[in-house]
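A.B. asks:
Numbering (this note's numbering), first residue to last: 265 to 667.
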């Protein structure tokens with residue numbers, strides 16, 4: 265099983281390539297939770313993710329013959345970039361298989377680091393099948409994203425930094441996909457102090473670990489569905505699972521809505537951009553998915569910042585809806601002069617701002633003398649939304665909330 269000596273040796277190998285990332289105390293999130301919250305900002309890492317640590321440690325332990333033959337791996341994006349950069353740094357050829365729906369930004373970044381990218385499959389597992397075919401056909405070394413002790417040890421260097429920068433830490437909260445990150449971090453922090461609590465967090469749409477722990481054996485999901493694409497794996501790895509069973513204290517799950525809110529909070533309050541997987545630990549803390557005491561010292565590990573811009577747009581809009589700052593409504597007016605103006609006067613009097621209006625006389629769902637109106641509105645919170653809807657209905661408008 266992975267040992268603290270493996271993690272310490274990994275630190276020597278990765279130090280020239282990976283950055284020591286900041287640990288930032290958050291007044292905002294400490295006030296919101298009553299705990300003492302410091303964020304491990306691994307989203308500031310080279311390639312935007314912790315994956316460069318494990319990839320560098322693995323590639324630096326290759327034999328000369330293995331380096332000559334090159335490496336191959338499968339990844340949704342972050343491990344891909346880590347392997348591509350780590351391989352390029354030591355002159356090793358790399359071939360990366362990514363799911364066909366991988367974010368465009370991650371595909372471009374992986375290619376920019378010098379790797380050949382092959383797009384295959386609907387998810388990580390199908391991409392991995394193709395990568396193993398390439399491994400056998402071209403005699404390359406497969407650099408596993410998580411089920412490899414050298415990769416796990418590299419990720420564990422984050423744990424060394426956490427306990428050095430925050431020796432009073434009570435709880436470390438870590439996302440779980442395949443388990444490589446949490447197994448490395450748990451090994452490091454438990455060696456420092458076995459009383460430190462290590463909490464793993466998965467997205468609800470990719471939550472295999474809690475079931476695996478209950479059964480005492482790895483449980484594989486049929487499919488995954490989450491905005492946290494960096495941890496969207498069907499099952500945990502065999503080697504990480506052994507470590508999780510022994511060194512991880514509990515596992516929580518969070519829905520995508522909470523993940524989106526955590527991303528929004530980080531953007532607005534901490535001026536920090538993370539991807540879905542990076543926001544999962546903070547979502548668990550903010551939304552009450554784990555118990556903690558007042559003034560407990562908690563470190564959520566924000567593992568990556570490589571969010572696709574299209575996804576970011578969706579997440580921001582979801583965050584605005586959840587916080588009552590965006591509202592889309594539908595109503596039906598009499599199709600005569602002044603009807604729309606009267607509606608807009610009510611909205612203006614209630615101090616809501618209009619983003620867009622869609623005015624449709626042709627809908628089959630309304631009468632011949634009516635017109636359907638949809639409005640996108642900027643609002644100022646849940647109470648403002650409630651007052652606006654109440655006023656519209658008091659004025660005789662039948663209003664359907666669309667978003």
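Glycine included, C-beta positions come from ideal geometry on N, C-alpha and C.
Treat the numbers as computed from the prediction; the structure is a model and nothing was measured.
With DSSP collapsed to three states, give me the class of residue 581.
C.D. replies: Along the chain shown, read from residue 1 onward, the residue named residue 581 stands at position 317. Of the three classes helix, strand and coil, the one that applies to residue 581 here is helix, per DSSP.
A.B. asks: Residue 657 to residue 583, Cα distance in whole Å?
C.D. replies: Your numbering for residue 657 matches position 393 in the chain shown. Your numbering for residue 583 matches position 319 in the chain shown. The straight-line gap from Cα to Cα measures roughly 26 Å.
A.B. asks: Are the region 635-642 and the region 583-594 touching by the rule of at least three beta carbon pairs closer than 8 Å?
C.D. replies: Touching, yes, given that three or more Cβ pairs across the two stretches are closer than 8 Å.
A.B. asks: Which word fits residue 466, buried or exposed, when buried means at least 16 other C-beta atoms lie within 10 angstroms of its C-beta?
C.D. replies: Position 202 of the chain shown, counting from 1, holds the residue named residue 466. Answer is buried; the Cβ neighbour count reaches 16.
A.B. asks: Using 8 Å for Cβ pairs, my map puts residue 470 next to residue 495. What's the rounded Cβ distance?
C.D. replies: What you label residue 470 is simply residue 206 of the chain shown in a count that begins at 1. What you label residue 495 is simply residue 231 of the chain shown in a count that begins at 1. About 6 Å separates the two Cβ atoms, so the contact holds.
A.B. asks: Just the Cα atoms here: how many angstroms apart are residue 503 and residue 446?
C.D. replies: For the purposes of this step, residue 503 is taken as residue 239 along the chain shown, with counting starting at 1. For the purposes of this step, residue 446 is taken as residue 182 along the chain shown, with counting starting at 1. One C-alpha to the other measures close to 12 Å.
A.B. asks: Once DSSP output is grouped into helix, strand and coil, what is the label at residue 587?
C.D. replies: For the purposes of this step, residue 587 is taken as the residue at position 323 of the chain shown. Three-state DSSP puts residue 587 in coil, outside helix and strand.
A.B. asks: Quick one: give me the first and last residue of the beta strand (DSSP E) that residue 435 is part of.
C.D. replies: Taking the first residue of the chain shown as 1, we reach residue 435 at position 171. Taken as a continuous stretch (DSSP letters only), the beta strand (DSSP E) holding residue 435 covers 435-439.
A.B. asks: Got a sec, what are the start and stop residues for the alpha helix (DSSP H) residue 396 sits in?
C.D. replies: The residue given as residue 396 occupies position 132 in the chain shown. Element bounds for residue 396: 388-402.
A.B. asks: Spell out a yes or no on whether the region 356-373 and the region 382-396 are touching, meaning 3 or more CB-CB pairs, one atom from each, closer than 8 Å.
C.D. replies: Counting Cβ pairs under 8 Å, three or more are found: they touch.
A.B. asks: Give me, in chain order, the residues of the same chain whose beta-carbon lies closer than 6 Å to that of residue 621; leave out the 5 immediate sequence neighbours on both sides.
C.D. replies: By one-based count along the chain shown, residue 621 stands at place 357. Counting only Cβ-Cβ distances below 6 Å, and skipping sequence neighbours, we find 639.
A.B. asks: For a quick check, are the C-beta atoms of residue 524 and residue 553 less than 8 Å apart?
C.D. replies: Position 260 of the chain shown, counted from the first residue, corresponds to residue 524. Position 289 of the chain shown, counted from the first residue, corresponds to residue 553. No.
A.B. asks: With 16 other CB atoms within 10 Å as the buried threshold, where does residue 370 fall?
C.D. replies: Residue numbering aside, residue 370 sits at position 106 when the chain shown is read from its first letter. So residue 370 ends up on the buried side.
A.B. asks: State the start and end residues of the unbroken beta strand (DSSP E) segment that holds residue 336.
C.D. replies: Against the chain shown, residue 336 aligns to sequence position 72. Counting along the chain, the beta strand (DSSP E) containing residue 336 begins and ends at 335-338.
A.B. asks: What three-state label does DSSP hand residue 568 in the structure shown?
C.D. replies: Reading the chain shown from its first residue, position 304 is the one you call residue 568. Note: residue 568 maps to strand in three-state DSSP.
A.B. asks: Where do the N-terminal and C-terminal ends of the beta strand (DSSP E) with residue 622 fall, by residue?
C.D. replies: Here the question's residue 622 lines up with position 358 in the chain shown. Per DSSP, residue 622 belongs to the beta strand (DSSP E) from 617-624.
A.B. asks: Tell me which residues share the same chain as residue 405 and place their Cβ nearer than 8 Å to its Cβ, disregarding the 5 neighbours each side in the sequence.
C.D. replies: Against the chain shown, residue 405 aligns to sequence position 141. Same-chain partners within the cutoff: 326, 330, 333, 334, 335, 336 and 399.
A.B. asks: Helix, strand or coil: how does DSSP classify residue 516 here?
C.D. replies: Here residue 516 refers to the residue found at position 252 of the chain shown. Reduced to three states, the DSSP call for residue 516 is strand.
A.B. asks: By the 10 Å Cβ neighbour count, where 16 or more other Cβ atoms means buried, how is residue 265 classified, buried or exposed?
C.D. replies: Here residue 265 refers to the residue found at position 1 when the chain shown is read from its first residue. That one is exposed.
A.B. asks: Could you please give the first and the last residue of the uninterrupted beta strand (DSSP E) stretch that includes residue 360?
C.D. replies: Here residue 360 refers to the residue found at position 96 of the chain shown. Its beta strand (DSSP E) spans residues 358-362.
A.B. asks: Contact between the region 481-488 and the region 421-432 is defined here as three or more beta-carbon pairs at a separation below 8 Å; is this criterion met?
C.D. replies: Output reads no: the region 421-432 does not touch the region 481-488.
A.B. asks: Note the first and the last residue of the continuous beta strand (DSSP E) segment covering residue 289.
C.D. replies: As a first step, residue 289 is located in the chain shown; it is residue number 25 there, counting from the start. Unbroken beta strand (DSSP E) run through residue 289: 287-289.
A.B. asks: Do the region 385-395 and the region 592-607 make contact, defined as three or more Cβ pairs closer than 8 Å?
C.D. replies: The region 385-395 is not in contact with the region 592-607.
A.B. asks: If you check the beta carbons only, do residue 459 and residue 519 fall under 8 Å apart?
C.D. replies: The sequence position of residue 459 within the chain shown is 195, counting from 1. The sequence position of residue 519 within the chain shown is 255, counting from 1. No, these two residues do not count as a Cβ contact at 8 Å.
A.B. asks: Does the separation of the CB atoms of residue 374 and residue 442 fall below 8 Å?
C.D. replies: Counted from its first residue, the chain shown places residue 374 at position 110. Counted from its first residue, the chain shown places residue 442 at position 178. Going by C-beta atoms, residue 374 is not nearer than 8 Å to residue 442.
A.B. asks: May I ask you to list the residues that DSSP assigns as paired with residue 466?
C.D. replies: For this step, residue 466 is matched to residue 202 along the chain shown. For residue 466, which the question treats as bridged, DSSP gives the partners 517.
A.B. asks: Give the straight-line distance between the Cα atoms of residue 323 and residue 350, rounded to the nearest whole angstrom.
C.D. replies: Here residue 323 is taken as the residue at index 59 of the chain shown, counted from 1. Here residue 350 is taken as the residue at index 86 of the chain shown, counted from 1. Taking the straight line from one Cα to the other gives about 7 Å.
A.B. asks: Tell me whether the region 291-300 and the region 556-570 touch, counting them as touching only if at least three CB pairs, one residue from each stretch, are closer than 8 Å.
C.D. replies: The region 291-300, when compared against the region 556-570, does touch it at the 8 Å Cβ threshold.
A.B. asks: Answer yes or no: do residue 274 and residue 417 have a C-beta to C-beta separation smaller than 8 Å?
C.D. replies: As a working mapping, residue 274 is identified with position 10 in the chain shown. As a working mapping, residue 417 is identified with position 153 in the chain shown. Yes.
A.B. asks: Just to confirm, are residue 366 and residue 338 a CB contact at a threshold of 8 Å?
C.D. replies: In the chain shown, counting from the first residue as 1, residue 366 sits at position 102. In the chain shown, counting from the first residue as 1, residue 338 sits at position 74. Result no, Cβ atoms of residue 366 and residue 338 do not sit closer than 8 Å.
A.B. asks: Using a threshold of 7 Å, is the CB atom of residue 556 nearer than that to any non-hydrogen atom of the ligand SAH?
C.D. replies: Looking at this structure, you won't find the ligand SAH or any other ligand, since it has none at all.
A.B. asks: From this set, 282, 305 and 294, which residue's C-alpha is nearest residue 288's C-alpha?
C.D. replies: For the purposes of this step, residue 288 is taken as residue 24 along the chain shown, with counting starting at 1. Answer by Cα proximity: 305.
A.B. asks: Residue 302 lies in the beta strand (DSSP E); which residues open and close that run?
C.D. replies: As a position in the chain shown, residue 302 is number 38, starting the count at 1. Taken as a continuous stretch (DSSP letters only), the beta strand (DSSP E) holding residue 302 covers 300-305.
A.B. asks: Along the beta strand (DSSP E) that carries residue 270, what are the first and last residues, could you check?
C.D. replies: Translated into the one-based positions of the chain shown, residue 270 becomes position 6. Careful: residue 270 lies outside any beta strand (DSSP E), inside the alpha helix (DSSP H) at 268-278.
A.B. asks: If you compare alpha carbons, which of 555, 316, 434 and 600 is closest to residue 635?
C.D. replies: To locate residue 635, count along the chain shown from 1; it is residue 371. With distances taken between Cα atoms, residue 635 lies closest to 600.
A.B. asks: What residues in its chain sit with their C-beta under 8 Å from that of residue 482, if we drop five residues either side in the sequence?
C.D. replies: The residue you call residue 482 lines up with position 218 of the chain shown. Closer than 8 Å at Cβ, skipping near neighbours: 472, 476, 499, 500, 502 and 505.
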